[in-house]
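Count the sequence shown with full-length UniProt numbering and you get residues 1 to 385, in order. Each residue gets a CB set at the ideal place from its N, CA and C atoms; glycine is no exception. The structure appears below as C-alpha cells.
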Amino acid sequence: MKNLSRICSLISINLIPEVKVKLPHLARVKREGLGTSKFSGKDSPITYKYPPPFSCQKYAYYSTPFLHSFFHIISLLCFRMTILIDQPPFAGVEAQEKKVHIDEKEVLLDGGFLVPHTNSFGHTFRYYDAECERQEGLQNFYRNNHINQTCDFVKKMREEYGKLNRIEMRIWECCELLNDMVDESDPDLDEPQIEHLLQTAEAIRKDYPDEDWLHLTGLIHDLGKVLLLPSFGGRPQWAVVGDTFPVGCAFDESIVHHKYFEENPDYNNPAYNTKYGVYSEGCGLNNVMMSWGHDDYMYLVAKENKTTLPSAALFIIRYHSFYALHRSGAYKHLMNEEDIENLKWLQIFNKYDLYSKSKVRVDVEKVKPYYLSLISKYFPAKLKW
Numbered sequence: 001m002k003n004l005s006r007i008c009s010l011i012s013i014n015l016i017p018e019v020k021v022k023l024p025h026l027a028r029v030k031r032e033g034l035g036t037s038k039f040s041g042k043d044s045p046i047t048y049k050y051p052p053p054f055s056c057q058k059y060a061y062y063s064t065p066f067l068h069s070f071f072h073i074i075s076l077l078c079f080r081m082t083i084l085i086d087q088p089p090f091a092g093v094e095a096q097e098k099k100v101h102i103d104e105k106e107v108l109l110d111g112g113f114l115v116p117h118t119n120s121f122g123h124t125f126r127y128y129d130a131e132c133e134r135q136e137g138l139q140n141f142y143r144n145n146h147i148n149q150t151c152d153f154v155k156k157m158r159e160e161y162g163k164l165n166r167i168e169m170r171i172w173e174c175c176e177l178l179n180d181m182v183d184e185s186d187p188d189l190d191e192p193q194i195e196h197l198l199q200t201a202e203a204i205r206k207d208y209p210d211e212d213w214l215h216l217t218g219l220i221h222d223l224g225k226v227l228l229l230p231s232f233g234g235r236p237q238w239a240v241v242g243d244t245f246p247v248g249c250a251f252d253e254s255i256v257h258h259k260y261f262e263e264n265p266d267y268n269n270p271a272y273n274t275k276y277g278v279y280s281e282g283c284g285l286n287n288v289m290m291s292w293g294h295d296d297y298m299y300l301v302a303k304e305n306k307t308t309l310p311s312a313a314l315f316i317i318r319y320h321s322f323y324a325l326h327r328s329g330a331y332k333h334l335m336n337e338e339d340i341e342n343l344k345w346l347q348i349f350n351k352y353d354l355y356s357k358s359k360v361r362v363d364v365e366k367v368k369p370y371y372l373s374l375i376s377k378y379f380p381a382k383l384k385w
C-alpha cells in the first residue's frame, strides 16, 4: 500500500478516478482563516477536494470515527475525491455568498439580493472622485467634517443629546419626518431617506425572513438624521451624516478624503495622533468615542429607551457608517470579542444598506403594518429623543 501511494504520487492526479460522496449535515469544515464553524447559507452545495493539494489550506474533517477512517483509507490509495456537502438553511451569522450564473451586470448577495454595479447616477458605489454635479458638494462636506470632528466637539454633542429631553414620539412618526431629507454626503442616493430605509429593510426581509430584529434595524438605522431638523438643533450636515471614525487616536488613511484631517486640531496633538491615542489594545469599541452624527445619536436613543433589540442590532446602528472598519479593516486593534462577533452581522447588513439604494419605490402603506408590529415588539410606544 505504501509503495502504491509513492507510485501514484508520481502520476498525474488527473489519471486517478474521481469519487463523489454526499455527506449528511453532521459534517463540519475548517475554512481558511475562519477556523471551525457550522455550515450556513441556503441550497447550493460546497465542493471540497480530498485529499487537498499541499498548497491548499481548506480541508474537511468529519464528526464520526467511521467517516474519518473511511477517508483515511481512500487517501492512502491516492484517489481524488470531490465531497459535496449540502448546506442547511441559514442559522447563524456566517452567511455565505451563493454563487450561481446570473447576468454579468449583477452580483448575487446572501440569500438572493441582486447588486447592480452602478448607482442611480451611473457611477460605481461610494466612488467619490466621479465627475458629477454633486462632487464639489461632497468635497466641501468632508472638508468641514474632517476639520470639525474633534474630541472636544464629540464630548459636547454626546453630553447635550444624551439627555434625550427634546421630544417624545413614536418611531414611525420619526420615519415620516425624514420624508423631505436628502443626505448630502451620499454619492449614491438623492431620494428621500424614508425610501432608503424601506428599501434596506425590505431587501433584508426577503433574504432573512426569520431575523425580524434585522428587518427593524434596517428601518431605523438612519433615524438619527432628524438632527438636521430645527426642532433637534438643526445641525449642519457634517455633524449628522457621512462616514464615521474614532476620535482620540490617529485618523486612519483609509478614511475617505483623509487629507482634510490635516486641518483638524487633534491631528497634531500628541495625545491623540498615535495608533492607540487615549485607548488600549482590545478595549472594545463601546469605550471608543466616534465622530458625532446620526449613528451615535440613534444608538443613544435606542439604548436609553430600553430597546430589547440584540447587541448586534445596536452595533449595526452605531457603526454602520464606520467604513474604515467594516470595509477597510482599520481599527481592529481596538475591538474586543463581542465586537468581532457583531461585526459579522454588520458586514451582512452593510450590503443591503449600501446596495439597495435604487429608484424602485416601496409601497409604504402595504408594508407599514408589519413594521409597526416589530416596533411594538422591540420598543416602548413612545421614545424620548
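query = For P265, is the classification buried or exposed, using 16 other Cβ atoms within 10 angstroms of its Cβ as the cut-off for buried?
reply = The residue labelled residue 265 in the question sits at position 265 within the sequence shown. Classification for P265: exposed.
query = Going by Cα to Cα distance, which pick from Q237, G224, L216 is closest to L138?
reply = In the sequence shown, counting from the first residue as 1, residue 138 sits at position 138. Ranking Q237, G224, L216 by Cα distance to L138 puts Q237 first.
task = Label K366 either buried or exposed according to how many other C-beta atoms from any shown protein chain fall within 10 Å of its C-beta, with 16 as the threshold for buried.
result = Position 366 of the sequence shown, counted from the start, is the residue given in the question as residue 366. Exposed, because fewer than 16 other Cβ atoms sit within 10 Å of the Cβ of K366.
key: Range covered by the alpha helix (DSSP H) that runs through I194   = Translated into the one-based positions of the sequence shown, residue 194 becomes position 194. Annotation: the continuous alpha helix (DSSP H) that includes I194 extends over 193-207.
request  = Output the distance between the C-alpha atoms of A330 and L164, rounded to the nearest integer angstrom.
outcome  = Locating residue 330 in the sequence shown gives position 330, where the first residue counts as 1. Locating residue 164 in the sequence shown gives position 164, where the first residue counts as 1. One Cα belongs to A330, the other to L164, and the distance between them is close to 31 angstroms.
task = State whether the region 239-248 contacts the region 316-326, with contact taken as three or more CB pairs (one from each stretch) at a distance under 8 angstroms.
result = Yes, the region 239-248 is in contact with the region 316-326.
inquiry  = If we define contact as Cβ-Cβ less than 7 angstroms, is D266 a contact residue for chain E?
reply    = Given the protein chain composition of this structure (a single chain), no chain E is represented.
inquiry  = Rounded to the nearest angstrom, what separates R361 and N269 at their Cα positions?
reply    = On the sequence shown, position 361 is the one that residue 361 refers to. On the sequence shown, position 269 is the one that residue 269 refers to. Cα-Cα distance, rounded: 47 angstroms.
inquiry  = Which residues does DSSP list as the beta-bridge partners of E168?
reply    = Your numbering for residue 168 matches position 168 in the sequence shown. K384, per the DSSP bridge assignment.
ask   = With a CB to CB cut of under 8 angstroms and the five nearest residues on each side skipped, what residues in its chain are close to W292?
value = As a position in the sequence shown, residue 292 is number 292, starting the count at 1. Q149, F153, V154, M157, R158, A239.
ask   = Do the CB positions of E253 and I147 come within less than 7 angstroms of each other?
value = Position 253 of the sequence shown, counting from 1, holds the residue named residue 253. Position 147 of the sequence shown, counting from 1, holds the residue named residue 147. Not a contact, by the Cβ cut-off of 7 angstroms.
key: Cβ contact (3+ pairs, closer than 8 angstroms) linking the region 218-226 and the region 192-210   = Between the region 218-226 and the region 192-210 there are three or more inter-stretch CB-CB distances shorter than 8 angstroms, so the stretches are counted as touching.
key: M290 (DSSP reduced to helix, strand or coil)   = In the sequence shown, counting from the first residue as 1, residue 290 sits at position 290. Strand.
request  = Going by CA-CA distance only, name the one from G233, V301, R166, H294 that's closest to Y319.
outcome  = Position 319 of the sequence shown holds residue 319. Closest option to Y319, Cα to Cα, is H294.
key: Sequence-distant residues of the same chain with beta carbon closer than 7 angstroms to F232, five excluded per side   = The sequence position of residue 232 within the sequence shown is 232, counting from 1. Setting aside the 5 residues that flank it on each side, F232 is surrounded in the same chain by R166, V226, each with a C-beta closer than 7 angstroms to its C-beta; the list follows chain order.
key: Span of the alpha helix (DSSP H) around residue 386   = Any question about residue 386 goes unanswered here, given that the chain covers just 1 to 385.
message = Tell me which residue opens and which closes the alpha helix (DSSP H) that Q347 is part of.
response = Counting from one through the sequence shown, the residue named residue 347 turns up at place 347. From DSSP, the alpha helix (DSSP H) with Q347 extends over 337-355.
message = Taking the alpha carbon of M335 as the reference point, which residue from C283, D180, K377 has its own alpha carbon closest?
response = On the sequence shown, residue 335 is found 335 positions in, with the first residue counted as 1. Closest option to M335, Cα to Cα, is C283.
ask   = Ordered along the chain, which non-local residues of its own chain (more than five positions away) have a Cβ less than 8 angstroms from that of H257?
value = By 1-based counting over the sequence shown, the position of residue 257 is 257. Correct list, in chain order: Y128, Q139, Y142, R143, H146.
message = My parser needs the alpha helix (DSSP H) runs of 4 or more residues fully inside the region 200-288; what are they?
response = Listed in chain order, they are 212-220.
inquiry  = Pop quiz: D222 and L197 are said to be a contact at Cβ under 8 angstroms. What is the actual Cβ separation, rounded to whole angstroms?
reply    = Locating residue 222 in the sequence shown gives position 222, counting from the first residue. Locating residue 197 in the sequence shown gives position 197, counting from the first residue. Going by Cβ atoms, the distance from D222 to L197 rounds to 6 angstroms, so yes, they are a contact pair.
ask   = How far does the alpha helix (DSSP H) with S311 in it reach, from first residue to last?
value = Indexing the sequence shown from 1 puts residue 311 at position 311. Run containing S311: 311-319, per the alpha helix (DSSP H) assignment.
task = For the alpha helix (DSSP H) containing L372, list its first residue and its last residue.
result = Locating residue 372 in the sequence shown gives position 372, counting from the first residue. Its alpha helix (DSSP H) spans residues 364-378.
request  = Sort K344, F379, K368, Y297 by Cα distance to L228 and report the nearest one.
outcome  = If you number the sequence shown from 1, residue 228 lands on position 228. Minimum Cα distance to L228 is reached at Y297.
key: Distance between beta carbons of E176 and K384, contact taken as under 8 angstroms   = Within the sequence shown, numbered from 1, the residue matching residue 384 stands at position 384. Within the sequence shown, numbered from 1, the residue matching residue 176 stands at position 176. Between E176 and K384 the Cβ distance is about 18 angstroms, and since that is not below 8 angstroms, they are no contact.
Rounded straight-line distance, which links the Cα of K306 to that of T47 = Mapped onto the sequence shown, residue 47 falls at position 47. Mapped onto the sequence shown, residue 306 falls at position 306. Bear in mind that a pLDDT of 35 at T47, under 50, signals an unreliable position, so the number given afterwards is only what the model happens to contain. If I take the Cα positions, the gap works out to 45 angstroms.
key: Option nearest T274 by Cα separation, candidates V288, E281, C249, M289   = Stepping through the sequence shown from its first residue, residue 274 is reached at position 274. Nearest to T274 by C-alpha distance, out of V288, E281, C249, M289, is C249.
request  = For my contact list, L354 and F315 are in at a C-beta cut-off of 8 angstroms; report their separation, rounded to the angstrom.
outcome  = As a first step, residue 354 must be located in the sequence shown, where it is residue number 354. As a first step, residue 315 must be located in the sequence shown, where it is residue number 315. That pair is no contact at about 17 angstroms.
message = For D339, count the other beta carbons within 10 Å of its own beta carbon; 16 or more makes it buried, fewer makes it exposed. Which is it?
response = By one-based count along the sequence shown, residue 339 stands at place 339. Classified as buried, D339 has 16 or more neighbouring CB atoms from the shown chains inside 10 Å of its CB.
task = Kindly indicate which residue of G277, N350, A271 has the alpha-carbon position closest to the one of I317.
result = Here residue 317 refers to the residue found at position 317 of the sequence shown. By alpha-carbon distance to I317, the top candidate from G277, N350, A271 is N350.
Close Cβ partners of H333 (< 8 angstroms) along its chain, the five nearest in sequence each way excluded = Here residue 333 refers to the residue found at position 333 when the sequence shown is read from its first residue. Cβ within range, chain order: K275, Y276, E281, G282.
query = Can you tell me the Cα-Cα spacing of G224 and A271, whole angstroms?
reply = Counting from one through the sequence shown, the residue named residue 224 turns up at place 224. Counting from one through the sequence shown, the residue named residue 271 turns up at place 271. Computed Cα separation, rounded: 30 angstroms.
request  = Just confirm the distance between the C-beta atoms of N342 and A312, as a whole number of angstroms; I'd bet it's less than 8 angstroms.
outcome  = Walking along the sequence shown from the start, residue 342 turns up at place 342. Walking along the sequence shown from the start, residue 312 turns up at place 312. The beta-carbon separation of N342 and A312, rounded to 5 angstroms, stays under the 8 angstroms limit for a contact.
Simplified DSSP state of N305, which is helix, strand or coil = Translated into the one-based positions of the sequence shown, residue 305 becomes position 305. N305: coil per DSSP, three-state reduction.
ask   = Sorted by chain position, which residues of the same chain lie with C-beta nearer than 8 angstroms to P380's C-beta, five sequence neighbours on each side aside?
value = The residue labelled residue 380 in the question sits at position 380 within the sequence shown. For P380, same chain residues with a beta-carbon under 8 angstroms away, outside a window of 5 residues either side, are N305, K306 in chain order.
query = Going straight from the alpha carbon of I171 to that of I375, what length do you get?
reply = The residue given as residue 171 occupies position 171 in the sequence shown. The residue given as residue 375 occupies position 375 in the sequence shown. Whole-angstrom Cα-Cα distance: 7 angstroms.
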